[in-house]
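Line order of the protein sequences matches chains D and E. Residue 766 is where the first sequence starts when you use my numbering, and the numbers rise one by one after that. Residue 766 is where the second sequence starts when you use my numbering, and the numbers rise one by one after that. Don't be surprised by glycine CBs; every beta carbon is placed ideally from N, CA and C. All figures in this text were calculated on a predicted structure; none of them were measured in a lab.
Protein chains: 2
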Amino acid sequence: MTDHKRKRREGGRSAKIASRKKSAQIEAPRFLSRKIPCYELLSEEELVSIEEHADWILQEVGIEFWGDEEALKLFKDAGVTVKGNRLQFDKGHASELCKTAPKEFEMHARNPARSTIFGGNRLVLGPAYGPPFVYDRKRGRRQGTMEDFRNLVKLAHMIPWLHHTSGTVCEPVDIPVNKRHLDMVYAHIKYSDKPFMGAVTAPERAEDSITMARIVFGNEFLESNCVIQGNINVNSPLVYDNTMSGALKAYARANQGVVITPFILGGAMSPVTMPAAVAQAHAETMVGVALTQLIRPGSSAVYGNFLTTMDLKSGAPTFGTPESTLATLAVGQMARRLGLPFRAGGHYTASKVTDAQAMQESADSMFPAFLAGANFIHQAAGWLEGGLVVGYEKFILDSDRLGMLHRMGDGMTINENSLGLSAFKENSPGENFLGTEHTGENFETANFRSEIADNNSFEQWEEDGSKDAEERAYERWNTMLDEYIEPPMDPAIDEELKDFIRLKKDSMDDEWY
Amino acid sequence: MTDHKRKRREGGRSAKIASRKKSAQIEAPRFLSRKIPCYELLSEEELVSIEEHADWILQEVGIEFWGDEEALKLFKDAGVTVKGNRLQFDKGHASELCKTAPKEFEMHARNPARSTIFGGNRLVLGPAYGPPFVYDRKRGRRQGTMEDFRNLVKLAHMIPWLHHTSGTVCEPVDIPVNKRHLDMVYAHIKYSDKPFMGAVTAPERAEDSITMARIVFGNEFLESNCVIQGNINVNSPLVYDNTMSGALKAYARANQGVVITPFILGGAMSPVTMPAAVAQAHAETMVGVALTQLIRPGSSAVYGNFLTTMDLKSGAPTFGTPESTLATLAVGQMARRLGLPFRAGGHYTASKVTDAQAMQESADSMFPAFLAGANFIHQAAGWLEGGLVVGYEKFILDSDRLGMLHRMGDGMTINENSLGLSAFKENSPGENFLGTEHTGENFETANFRSEIADNNSFEQWEEDGSKDAEERAYERWNTMLDEYIEPPMDPAIDEELKDFIRLKKDSMDDEWY
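This is the structure in structure tokens:
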């Protein structure tokens, strides 16, 4: 980066920020505020059992880092027993190493009004992450493309209930594997001004993502603030491979965020019984968080969890199941004990289409994560088919439900107005309340209004074309894309990003798998 | 009833019960056991505010009984202030009058193995109540008939997760209004051996329902046991009409059960703000329960609640909304304070078809009722279109989800097996757990297995015909009806029931509205 360029950019950014501040009309919340209690499934005694079991796993079974000498050395220097690839922790040591990780942290967006906060009673919501396929009602199921990626980022940008545009909203398989991260990160920056995640598929791609964030935010700002995150999956059971630990280290070294997520289907990547899986996941997450703190104390780490069941006869993952619901509630309690921001849940489903199964499983996956106190849910919109597919219509339906969760998070306020004192004084028994002054006064604020549910009479619904929820959602996302307005960006930054991408792409041959 | 007939019947019934006892192979639970905590939304202070507000409503606004001198006199004799139709209660008096109602009670089925228990940590589940229309995937939406009624009772009988066959599973509009209760009660008795509800549409129809129960259970047994219930809706706001109070009195007088349910769409039948609606509903329910106890102390009464929102622009009822979710959680707390068995919730939806909206709203209606500690949910299967329609496919999908709730109610057991101690000892990091002995030992019991979810790969799903959830459910209910086996019934009782119905029908002209 030349000095000239930097100068031009910095000036441009300041001007940009000023103009944004002037015109800011912020309707969308920066996060969901949860004013209702978390659900406490397990007793203190049961939680201690799981905690002790996690410690036993780390001491007796151990956890391995494959192909990462640096990580092994860091742990060894911190007093962990290292034998070959395997780490063994004394009781309580792993959680001790997590203590420098912040309980709460701000994650900055390029539009300051979109910056969000992780932790406490806040919930940050983002869309699907990872699907190689996309689905829409008209074109059906097909491989994801960069055009789909942009569309999904645009929708995530527009939806007020999504505070974060997540990361790989779909795999753009029309772009070479070794180059697509550049286009993906660019799309997040260009088509939205919300926080987002960078690449983790190779340490150098993580570095590229961070470099692009440096171009947007400036070196100095980035050095002391979280502006980009890496989504780190543990290779459960009890393994970190060097792709994941490499990406983890890249983000932590730059003082950027990571989300540490054991990916567990009970019975395969953990024992089949959920308490075992919860303990194992707890052990795995703590070790990942510990590594971030050994690399850079005080860097931000989210305690993540992806834990569900499988059909033990076919091996297929299953979602919204009672066992996964209970497990999610328990994991939330474990995360709160550790005091770290907690990621879990999503609108998960195994369904192939946007049908009754899809939303039943999604609701049953999301509700427990919400009540478990999740601080980050980044698979909150679009999931179909166990995450292999992101559906445009599902994206809309899920997002509408996120609006409902915002309202639910507000809880119930008990006061003279909400108790309807004046309404009861106005009306006698048997009289309808629609016409009361109290109803008029509370008309606008009383109820969340879904954008997509059809509550009309059968006759009206029939007259409107007998549309099911998927069809209404299809119309909605098409209208939204028509109405999309690109958030302003300093042309100098845009140019610099494009230059960086061009140079990077020119330096590599295409790789397709 | 002649002495001869009674003799024949009584002998027959004893023989019948003996043979049933011998061959009893009970797989279906009598109720769902909730071993997980209820969710506590509001603080003690907030609950006291609502309780005091309910008392204020009963004291200052009052509640009316229309056309029921007996009820007015009973309350007056109990010390309630009566002015015209209106009752005004001193603070705390209504709840005081509820104190003789049982906290728990057994409801007997004609098959003793199907008898269930209301209250405590138990949840009794029953299907839809009241829809004039039915829907199935092949024939579409149409008026309900007696054939549909029988089909739905048969399905409810077969589904292990329904413990009760509810009441008017659909309105059989092909039978005259003044006679259909006879055929409905007969269908419940004949095609299932689970507990059920009788008619409430007129006091004499309630009496007929009770008479039919007497034929089945015998006078003496009925006199001291709950074998039939009446579903009493309050004419909210703050009115009981004499149809409802008449039916209430008929059931209570016979020592049978009632479920007292304010039917409230916030903004119409109550103030638009939910805390007001919760307080009003609490007031209304207490007065209904009080009347049962003035008629017959110790008779069983369920604290019911039907409280949801409406689209304030169109007036259409809305379901699974965040406001109704919160309200349901709060009502549960109020019911627990009063200590009565609590009815709320159901798989509610405004959707016209068995689509994504239908199951999203249903899950979001049911989950809070479950966590609110509901003891009875009798709209748990089949609802579509705000209860105007019962859907055959929805019936199946909802019931499958009830199975999941049973498993969720079991909670998580933390012990050496569930913590997977042996599995962790058997495996090293990175090794799949499918082949461990621990997985084998827990294979059958680890996970609830849905009968209807499709968790297969896209390719397998496509090969199976690309069926959505509704289509799979359509096949399932058709297969079930093909496989239905009528539960045995003493022919003498059957004959006596038919005689009663014949005589009753012959005594009336047909009424069609």
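At 7 Å on the CB atoms, spell out the chain D contacts of residue i, in chain order.
i	result
H858/E	By Cβ distance, chain D contributes nothing, its closest Cβ being about 17 Å from H858/E, past 7 Å.
G1147/E	Those within 7 Å of G1147/E in chain D number zero; the least Cβ separation is about 13 Å.
Y1044/E	A small fix is needed here, since residue 1044/E is Ala in this sequence, not Tyr. Correct list: L1184.
So for residue i, helix, strand or coil by DSSP?
i	result
A1238/E	helix
I791/D	Bear in mind that a pLDDT of 44 at I791/D, under 50, signals an unreliable position, so the model cannot answer this.
K772/E	Since pLDDT at K772/E reaches only 41, below the 50 mark, its modelled position is unreliable, and no value is offered.
F1071/E	strand
K841/D	helix
M766/E	Here the model assigns M766/E a pLDDT of 36, short of 50, so the residue's position is not dependable and the matter cannot be decided.
K786/D	For K786/D, the predicted structure reports a pLDDT of 42, less than 50, and the residue's modelled location is therefore unreliable. A value from the coordinates is still provided. Looking at K786/D - three-state DSSP - the assignment turns out to be helix.
A1066/D	strand
Y951/D	helix
D1120/D	strand
D1006/D	strand
E810/D	helix
F1132/D	helix
Going along chain D in order, which residues have a C-beta closer than 8 Å to the C-beta of residue i?
i	result
F1208/E	V1037 and L1077
L947/E	Neighbours of L947/E on chain D: none; closest Cβ ~30 Å, over 8 Å.
H1047/E	Those do not exist, as H1047/E stays about 12 Å from chain D at its closest Cβ, beyond 8 Å.
D804/E	The sequence shown places Tyr at residue 804/E, rather than the Asp named in the question. Per Cβ cutoff of 8 Å: P802, Y804 and L1136.
I997/E	Per Cβ cutoff of 8 Å: no residues; I997/E is ~17 Å from chain D at best.
M1173/E	P1087, T1090 and L1091
V1004/E	P1194 and G1195
T1083/E	N1212, S1215, A1218 and N1220
Closer than 8 Å by beta-carbon distance: list the chain E residues that pair up with residue i, in chain order.
i	result
W1226/D	K1117
E1235/D	D1120 and A1121
R851/D	P1194
D1219/D	A1115, S1116, K1117 and Q1122
A1128/D	M1124, Q1125, A1128, D1129 and F1132
I1179/D	L807, E811, S814, I815 and P1040
A1240/D	A small correction: the amino acid at residue 1240/D is Glu; Ala does not occupy that position in the sequence shown. Within 8 Å Cβ-Cβ: nothing; E1240/D doesn't reach chain E, min ~14 Å.
Along chain D, which residues have their Cβ under 9 Å away from the Cβ of residue i?
i	result
I1203/E	Per the sequence shown, the amino acid found at residue 1203/E is His instead of Ile. Residues of chain D passing the Cβ test: P1036, V1037, T1038 and A1041.
L1162/E	A1121, Q1122 and Q1125
V826/E	F1189, K1190, N1192, S1193 and P1194
E829/E	S1193, P1194 and G1195
First and last residue of the beta strand (DSSP E) that includes residue i?
i	result
E871/E	F870 to M872
R879/E	Looking at the DSSP string, R879/E is not in any beta strand (DSSP E), and its letter there is neither H nor E.
I993/E	First-last for I993/E: undefined, no H or E at that position.
F1213/E	Unbroken run through F1213/E: none, as it is neither H nor E.
Q1098/E	Looking at the DSSP string, Q1098/E is not in any beta strand (DSSP E); the run it does join, the alpha helix (DSSP H), is P1087 to L1103.
K848/E	T846 to K848
L890/E	R887 to L890
E829/E	I828 to W831
Which bits of chain E does residue i rub up against, with CB to CB less than 7 Å?
i	result
T818/D	Note that residue 818/D corresponds to His in the displayed sequence, not to Thr. Residues of chain E passing the Cβ test: L1184.
N1212/D	T1074, L1077, T1086 and E1088
Measure from the C-beta of residue i to each C-beta in chain C and report whether the shortest distance is under 8 Å.
i	result
S814/D	Considering every chain present, this structure includes no chain C. Its protein chains are D and E.
At what residues does the alpha helix (DSSP H) containing residue i begin and finish?
i	result
G1174/D	Y1157 to D1175
V981/E	P968 to F982
Q1058/D	M1039 to I1060
E1227/E	F1223 to E1228
P1256/D	P1256 to D1271
E1206/D	E1202 to N1207
F1028/D	Taken as a continuous stretch (DSSP letters only), F1028/D belongs to no alpha helix (DSSP H), being part of the beta strand (DSSP E) at G1022 to L1030.
L1186/D	L1186 to E1191
L862/D	H858 to L862
Notebook entry, point to check: Is it a yes or a no for the region 880-895 of chain E touching the region 1080-1092 of chain E, going by three-plus beta-carbon pairs under 8 Å?
Noted result: no
Next item on the list: Report yes or no: do three or more beta-carbon pairs, one from the region 1203-1223 of chain E and one from the region 1057-1072 of chain D, lie closer than 8 Å?
Entry: no
Check: Could you give the uninterrupted runs of the alpha helix (DSSP H) lying entirely in the region 902-929 of chain D, keeping only those of 4 residues or more?
Finding: 911-923
Notebook entry, point to check: Would you call the region 1136-1154 of chain D and the region 920-935 of chain D in contact, with 3 or more CB pairs under 8 Å?
Noted result: yes
Margin query: Three Cβ pairs or more, each shorter than 8 Å: is that satisfied between the region 1101-1112 of chain D and the region 1103-1111 of chain E?
Written below: no
Margin query: Under 8 Å: do the region 1007-1014 of chain E and the region 963-983 of chain E share three or more Cβ pairs, one atom per stretch?
Written below: yes
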